[in-house]
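Written out below as structure tokens is the structure these notes cover.
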Amino acid sequence: NHLDTLGERNSYSKTDPDATFTRMKEDAMRNGQTKPGYNLQIGTENQFIIDFRLFPNPTDTLTLIPFLSSFQDRYDRLPAIGVADSGYGSEENYRFMQENGIEAFVKYNYFHKEQRPRYTPNPFHAESLHYNQDGDYYVCPMGQHMNRIGTRREKTASGYITESVRYKAQRCEGCPLRGGCFKARGNRIIEVNHRLKQYKRQARERLSSEEGIKHRGRRCIEPEAVFGQMKYNMAYRRFRHVGIDKVTMDFAFFAIAFNIKKMCAKLRKAGKGLFAGANFMFMGLFATRYNWNIATCCLMNEKKAA
Ligand code: SF4
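For the sequence shown, the residue numbers in my numbering are 94 to 399.
Here it is in structure tokens:
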């Protein structure tokens, strides 16, 4: 019945029950219309497509771990380095990569904002408050200690449990900074996910390092160039088949052809033999990824920029 077909999704197409209605980047009517499509994730290296997978869910956060697992199935190992945009920067993803020895160059939301030269952090924001690790308390802008009052656990859509510690100010009544500090009644309560905070700090250090800057720069010319060639040079904007199995086959053939074309172009450019070219092709394998929503028999769409 319909609910079985729907599964975890909140929509599906009647002409292709595997496709989910998604907002596309290419929106000719400019009305935010949704179209049936797939969320295609690809991994590239030296502009070769090294892996891909189709997902029904439109958000990227939940696709990273299954994508890396598919990479492992294909190559019998995980990439040593992972470069991805802020759509993938969740605690679950950071943790997975750390536990599996993947050096993560994955942005988190606000990373770009923090990098702006004129960026000044909000002094009232929980991230800006001083934390005393020994005493496990925060110090609010007025100098009051905010003591721990409990822990809140939340389950993500994938079943991962996140843990946020709650800290409460002792007396906010009559505080001259009250207006700028918070709007709720009573004393201010903040929630801090210490593990995520630690992962973000680590990511910030990595992304700001020399190597991180290099990877961030390469991300723009890696998957972006592949998408540009696919969409605009090769006009591959739609799947020609219906159903996830056939669409997977559709893209797999395209990826093979794309890689052969790319290898020939590189060999021609390098003017070397096939063997040297093949070595070059598989040198230093690591994954950068990006996503597209592809409408079946509709438009292939770029969902996010770097
Ligand atoms: S309103 Fe409360 S938490 Fe905010 S600065 Fe004043 S005392 Fe501190």
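Glycine included, C-beta positions come from ideal geometry on N, C-alpha and C.
Practice problem: Pull up the CB-CB distance for residue 86 and residue 156, whole angstroms please, since I reckon it's below 8 angstroms. | Solution: Coverage of the chain is limited to positions 94 through 399, which leaves residue 86 absent and any answer about it impossible.
Quiz prompt | Separation of residue 244 from residue 260, as counted between CA atoms | solution = Taking the sequence shown and counting its residues from 1, the one referred to as residue 260 is at position 167. Taking the sequence shown and counting its residues from 1, the one referred to as residue 244 is at position 151. Looking at the two C-alpha atoms, the distance is approximately 9 angstroms.
Practice problem: Mind checking which residues open and close the beta strand (DSSP E) that includes residue 109? | Solution: Residue 109 sits at position 16 when you count from the first residue of the sequence shown. Neither: residue 109 is in no beta strand (DSSP E) and is coded neither H nor E.
Quiz item: Which one or two residues does DSSP pair with residue 146 in a beta bridge?
Solution: Taking the first residue of the sequence shown as position 1, residue 146 is located at position 53. Answer is 134, bridged to residue 146.
Quiz prompt | DSSP three-state assignment for residue 248, whether helix, strand or coil | solution = Taking the sequence shown and counting its residues from 1, one reaches residue 248 at position 155. Residue 248 falls in the strand class under three-state DSSP.
Practice problem: Could you tell me if the beta carbon of residue 277 falls within a distance shorter than 7 angstroms of some heavy atom in the ligand SF4? | Solution: By one-based count along the sequence shown, residue 277 stands at place 184. Flag unset: Cβ of residue 277 not near the ligand SF4.
Quiz prompt | residue 280 (DSSP reduced to helix, strand or coil) | solution = On the sequence shown, residue 280 is found 187 positions in, with the first residue counted as 1. Coil.
Exercise. Output the boundary residues of the alpha helix (DSSP H) element that contains residue 184.
Key: Translated into positions along the sequence shown, residue 184 becomes position 91. Residue 184 -> alpha helix (DSSP H) spans 184-192.
Quiz prompt | Euclidean distance between Cα positions of residue 128 and residue 115 | solution = The sequence position of residue 128 within the sequence shown is 35, counting from 1. The sequence position of residue 115 within the sequence shown is 22, counting from 1. Distance between the alpha carbons of residue 128 and residue 115 is about 5 angstroms.
Quiz item: For residue 169, does the count of other Cβ atoms within 10 angstroms reach 16, so buried, or fall short, so exposed?
Solution: Start at 1 with the first residue of the sequence shown, and residue 169 comes out as number 76. So residue 169 counts as exposed.
Quiz item: On the premise that residue 282 lies in contact with residue 231, defined as a C-beta separation below 8 angstroms, what is that separation, rounded to the nearest angstrom?
Solution: As a first step, residue 231 must be located in the sequence shown, where it is residue number 138. As a first step, residue 282 must be located in the sequence shown, where it is residue number 189. The pair is not a contact, with the Cβ atoms about 11 angstroms apart (cut-off 8 angstroms).
Exercise. Consider the C-beta atom of residue 219 and the heavy atoms of the ligand SF4; say whether any pair is separated by less than 7 angstroms.
Key: In the sequence shown, counting from the first residue as 1, residue 219 sits at position 126. Flag unset: Cβ of residue 219 not near the ligand SF4.
Quiz prompt | Among 242, 234, 126 and 254, the one whose alpha carbon lies nearest that of residue 268 | solution = In the sequence shown, residue 268 corresponds to position 175, counting from 1. Comparing Cα positions, the closest option is 234.
Exercise. In the DSSP assignment, find the unbroken beta strand (DSSP E) run with residue 302 in it and report its ends.
Key: Position 209 of the sequence shown, counted from the first residue, corresponds to residue 302. Per DSSP, residue 302 belongs to no beta strand (DSSP E) and is neither H nor E.
Quiz item: Does the region 192-203 come close enough to the region 290-309 to have 3 or more Cβ pairs within less than 8 angstroms?
Solution: yes
Quiz item: For residue 95, does the count of other Cβ atoms within 10 angstroms reach 16, so buried, or fall short, so exposed?
Solution: Position 2 of the sequence shown, counted from the first residue, corresponds to residue 95. That one is exposed.
Quiz item: How long is the line joining the alpha carbons of residue 239 and residue 320, rounded to whole angstroms?
Solution: The residue you call residue 239 lines up with position 146 of the sequence shown. The residue you call residue 320 lines up with position 227 of the sequence shown. So the alpha carbons of these two residues sit roughly 49 angstroms apart.
Exercise. Find the nearest neighbour of residue 324 within the set 334, 351, 300 and 311, judged by alpha-carbon distance.
Key: Against the sequence shown, residue 324 aligns to sequence position 231. That would be 351, whose Cα lies nearest to the Cα of residue 324.
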